Amino acid sequence: MTRTSAPVDAPATGAWEGLVTTALLGTDRRTPPGTGPGPEAPVALLDAAAVETVRRRAGLRPARASQRPQPAPEDPRPPLPQAAAHRLAVLLADRPGASGGGRRGTTPDLTELLPQWLAAANARGFAPPPQLLPALLDAARGRTDLRPAALEFAGPRALWLARLNPDWRFALRSTPGGGAALPHLDDADSIRQLWQEGLFAERVALLSALRSRDPAAARELLETTWATERAEDRLMFLDSLRTGLGPDDEPFMEQALADRSRNVRATAAELLSALPGSALAARMAVRAEACVAIDHMQPTQPTQDSPATGSTVATPTITVEAPHECDPGMERDGVVAKAPAGRGQRSWWFGQLVEAAPLGTWSRRLGGRTPREIVALPVTDDWQGELHAAWCRAAVRQRDAEWSRALLGEPSAPEAGGPGAVSLAERAKLLGTLDAAERAEWVAGFISTHGLSEAFQLLGVCAVPWAPPLGRAVVDALNIARDAGSYPWSFSGVMGLAERCLDPSEAGRLDGLLAVPDEPENASPGAGGYWAEAFQRLVTTLRLRAAMTEELNTS
Amino acid sequence: MTQQGVRWTADQVLALAPDAASRKAGSKLGAAGPWSEAGSSDEGTVWGLCKGSGSKPYQTIVDIADASGPAYKCSCPSRKFPCKHALGLLLLWAGGDGAVPTGEAPEWAGQWIAGRRKRAEEKRSGDSSGSPSGSADPEAARRRAERRAERVTAGAVELEQRLTDLLRGGLASAEQAGYGLWEETAARMVDAQAQGLASRVRELGAIPSTGPGWPVRLLEECALLHLLGQGWLRRERLPDALAATVRSRIGLPGSADGPPVRDRWLVLAQYDTVDTRLTTRRIWLYGADSNRTALLLSYGAAGRAPELALPVGLTLEAEVSAYPGAGQLRVALGEQFAPPAPTAICPQGMTTSQAAARYGDALRDDPWLESVPVTLDRVVPTPDGDSWQLADADEDAALPLTPAARSRPGLWRLVALSGGAPVRVFGECGHQGFTPLTAWPEGPGEAIALC
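Chains as they are written, first to last, in the numbering used here: chain A, 26 to 580; chain B, 2 to 452.
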């Protein structure tokens, strides 16, 4: 009632207030206006109040309108096809927690398909139905991993909404500049103005946008104000030059090596070392080369492959002489002088030098050998681990596929499965430098030999959907695991990945696995049924994913 | 008849779910995976076999051609209605990606459908032959009604006494007396077989805890209760229509004996209110030809969904008959001539000033009316301090949202749909403000349920 404006005539309002006061105090204490005291007083009060109540309600008028919100910016993207819009509604309706935990059964986990659906919709550039934005924002609020894709899909109207609802503030924080529109990237004047006057987040957004379009222009923009920026800001701006890094950036980076801030210096050094032609890389190469040499005089160690014959055939061997000091030049080039606890100073410096030296150095230094031959060389005095790990970091930083291949070795090699010189995490990073097909093939080979127990991390870096050989390897390995009689939840991680990553066209090949198999003697009780259930879920999910893609393709 | 082109939307299907858990479970089954031998017929039947945890798949059939909303049959043991399999099957059908082709019903489905059709046919011919239903002895019925009226009168007199006692001592004391006093009075009204009075009394008990301004609200409700009691005690002197309104407000049963009105009825909104005893489902209908809004009420035991469910945004060609009483919008659904089908019908809208005036006019027929159903055209959801209002796009006038509507998720769907632009909104407009229930975007676009 208070929300709508009161009827116009003030006397009536006064009469009503008189009634309310009398009612609060009671007619024993106060006589209602217009009647005498006595037993009839309460009835008279109720009569009058009834008339007033209906009168007040019948006389209600609309209130004055408040300041209307600014209209949301136009979303130029085409709307979703209808079937896809319905699918999104269903995916969003499946919020976790509604029915608690428990066994997953044969039905697909819809929440896990949302990221994929969003990626597919974004790739096709569709706009969401506006009425689903609240559910979409709520989903993104609960799951930070969803946020980038969800917000990209949600588009400008979601940011408009987020300004009205404090629950969705995260959307403004996650979007650089709070969703403020960037100036057109050809408009030099407004770019310069925003760069000089904008908020930090807006400036970062502007710099990254410009960098991905015109790297040199972004660098030049940064140089105009570099000297006056705060240290933290310099670090962020410098880091955004990682995109589109090229030889042209070298002079600027060299200058940043002399920065007042240690973090800025370290970042500049790291970026420079990713440019194999840079002067810094050359200086690091000289330092690293000084530490590593080939010794042709090492006697062959008797091994299983070549039993000792007594002769002294010399095998070329790598010897390492770690640096004895970290001079100011090294420090200027980004070498951190103080080793972390538990590591020897000299090996710490050595690792950093090798990591920052261009990989091309080693072929030249080590007698024209190929990366594969170099990696195969024995190393003296237990330096192999340190040296190979540094080469791994260098291969990842310089995105050198040939070195990565050499360091990864054969996927079927026995040491590939166990803890060797190269850990699983490092392998996953090295795989990232190979192209998708080669990556899939290597992981497929790895799984065929070593099974699934170590494969989770490696599968994570493979392109989705999995290439046919990889998909086949995973399915075969799951089949083997089932025949071995263990429970499927030992493989729930890989199973979940397979549901999301296996190519939907593989669904047909799984048909044979859907039935409950006869239980072998040594199997865990009931495992066969659970495996059938898990495979059914896998197939159902694959079919669903195929349908999802299909819906997005029909417009 | 239902053709391939007019399948329902997923939202409409999900609106049938009895609770959130079924919604979720149904959504999961709305994929081709567990289904086999699914199909649909042009007569509006959908069937399929759903693989469950057992060896034998469940046989699920849904008949959407039925006059009183969809009918379901499933061989699963669930007591939910509809069960998740029926929901999943409808979702699969609504998805329309070829998983549910048109075809001939298998035997297990055909039998059930044929049985239903036959029973419906018999019922219809039975109705038209005019077999008298209800009590055979009109004299006994009259005596029963008289006895009940006496009880209600006794209840009304007692209630009047309580109200005058309250006013004599002052409302301030009601705050201390608390809930118990009112619960007891409400129980007395139940004994007096005056459900309408009982529920109003129960609501009185909650008012002192509703925050600032409660004395005003309490006095208003006491006064209206007094008005209702007085109306009952003097019902002989009231015009017939108003007396019927009083009877229905008191809670006496009426029968929908108004003349049947055939129309294309658009389902405007459907929502449930739940208290400890009863689930009440309200379905608002809009007659495209008569330009009339009507209310279907159905009830379920506490915690269970009423059976009648009509998806928002569909129209059904049907007859409805009104319940008696001045200004009463309640109707009963009669014969339905075609299954619900998607439509482009959208009710005509009005301005906020017209809506407020509409409520004022309606009070003339029924002073106890909380709100009237209206469709607002060209309004913009606008933040107003902590609250929201629907502001006219073209006038400086706005209706505030009711406190309940402010905290519902539907508010944000409405705001998102609008994006600061005018939308058309159907809802209930009353003295507490406006409750939006359904919205349409400007230009083309389907109805969006907000409740």
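All C-beta atoms, glycine included, are put in the ideal place defined by N, C-alpha and C.
A quick note: this is a predicted structure, and the numbers were derived from the prediction, not measured.
At the C-beta level, G156 of chain B and A121 of chain B stay beyond 9 Å of one another. Residue state for L334 of chain B is assigned as strand, using DSSP reduced to three classes. Residues of chain B whose Cβ lies closer than 7 Å to the Cβ of A97 of chain A are, in chain order, G420, G421.
C-alpha of I65 of chain B to C-alpha of V79 of chain A: approximately 44 Å in a straight line.
C417 of chain A sits in a helix when the DSSP states are folded into three classes. The C-alpha of G553 of chain A is placed about 29 Å away from the C-alpha of A22 of chain B. Judged by pairs of C-beta atoms under 8 Å, the stretch 421 to 438 of chain B does not touch the stretch 154 to 170 of chain A, as fewer than three such pairs exist. Between G521 of chain A and chain B, the shortest Cβ-Cβ separation is not below 9 Å.
Taking the CA atoms as reference points, F277 of chain A sits about 12 Å from A304 of chain A. Taking the Cβ atoms as the reference, P104 of chain A lies roughly 7 Å from P154 of chain A, within the contact range of under 8 Å.
Along the length of the stretch 476 to 562 of chain A, whole alpha helix (DSSP H) runs at least 4 residues long occupy 481 to 485, 493 to 508, 517 to 526, reported in chain order.
If you look at I251 of chain B, you'll find it in the alpha helix (DSSP H) that goes 241 to 251. Counting only runs that start and end inside the stretch 331 to 372 of chain B, the beta strand (DSSP E) elements of at least 3 residues fall at 331 to 337. Using a Cβ-Cβ cut-off of 9 Å, Y360 of chain B is close to R82, A83, L85 of chain A, given in chain order.
With the criterion set as a beta carbon lying under 7 Å from some beta carbon of chain B, the members of the stretch 134 to 166 of chain A are L135, P155, Q156, L158, P159, in sequence order.
Y73 of chain B and Q433 of chain B have their C-alpha atoms spaced approximately 39 Å apart. Note on geometry: alpha-carbon atoms of A199 of chain B and Q162 of chain B lie some 15 Å from one another. Burial state of S233 of chain A is buried, judged by a 10 Å Cβ sphere holding 16 or more other Cβ atoms. Ranked by Cα distance from Q218 of chain A, the options A:R238, A:R198, A:T250, A:V564 are led by A:T250.
Taking D425 of chain A as reference, the option from A:L459, A:L157, A:S215 with the minimal CA-CA separation is A:L459. For Q218 of chain A, the uninterrupted alpha helix (DSSP H) run begins and ends at 213 to 222, by DSSP. For the stretch 45 to 132 of chain A, the full-length alpha helix (DSSP H) segments reaching 4 residues or more read 66 to 83, 107 to 118 along the chain. Y180 of chain B has no beta-bridge partner at all, per DSSP.
Here L267 of chain B really is in contact with T316 of chain B; their C-beta atoms are around 5 Å apart, less than 8 Å. Approximately 5 Å separates the beta-carbon atoms of L569 of chain A and P133 of chain A; this is inside 8 Å, confirming the contact. Residue-level contact by beta carbon fails for Q177 of chain B and chain A, as no gap is shorter than 9 Å. By the criterion of at least three beta-carbon pairs nearer than 8 Å, the stretch 439 to 447 of chain B is not in contact with the stretch 175 to 193 of chain A.
Distance check between P101 of chain A and each of A:G180, A:A313, A:D264, A:R430 places A:G180 closest, using alpha-carbon atoms only. Closest in alpha carbon position to T281 of chain B, among B:Q231, B:P307, B:E429, is B:P307. Annotated three-state conformation of S23 of chain B is helix, per DSSP. Positions of the alpha helix (DSSP H) runs, each at least 4 residues long and wholly inside the stretch 157 to 190 of chain A, are given as 158 to 167, 172 to 187 in order along the chain. Considering only A:R93, A:P140, A:A318, A:C487, the residue with the shortest C-alpha distance to A461 of chain A is A:C487. Chain-ordered, the chain B residues with CB closer than 7 Å to the CB of V45 of chain A read P216, V217, L220. By the Cβ criterion, the stretch 373 to 382 of chain B is in contact with the stretch 350 to 360 of chain B, since at least three pairs of Cβ atoms, one from each stretch, lie closer than 8 Å. Within chain A, the residues S91 have their CB atoms less than 7 Å from the CB of D385 of chain B, given in chain order. Looking at the DSSP output, Y300 of chain B sits in a beta bridge with B:T281.
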